[in-house]
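Undergrad: Following this message is one structure expressed as structure tokens.
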């Protein structure tokens, strides 16, 4: 498995700080760059996040694997 970039690790930390999920309409989502959104999708692909499709857009949930990656690297 590839190592996370500093940006990806920070995105996971930000999600943890938001009670484990982020969704459209929250300030944090509006601050994420286009590259950051691409990183979120990539991290979902390797199991660090799950994506729930909502009417407003994707809601990202951190997985146990993602939480462990932030905690233990």
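In the working numbering, the protein residues as written are 248 to 320. Beta carbons: idealized from backbone N, C-alpha and C, even for Gly. Keep in mind it's a predicted model, so treat the numbers as computed, not measured.
With distances taken Cα to Cα, identify the nearest neighbour of residue 199 among 266, 292 and 262.
TA: The question about residue 199 has no answer here: the residues shown for the chain are numbered 248 through 320.
Undergrad: If we ignore side chains and look at the alpha-carbon of each, how far apart do residue 299 and residue 287 end up?
TA: The alpha-carbon atoms of residue 299 and residue 287 are separated by roughly 12 Å.
Undergrad: Can you tell me whether DSSP reads residue 262 as helix, strand or coil?
TA: Three-state result, residue 262: helix.
Undergrad: Give the straight-line distance between the Cα atoms of residue 316 and residue 264, rounded to the nearest whole angstrom.
TA: Roughly 15 Å separates the two Cα atoms.
Undergrad: On the three-state DSSP scale, how would you describe residue 287?
TA: Reduced to three states, the DSSP call for residue 287 is helix.
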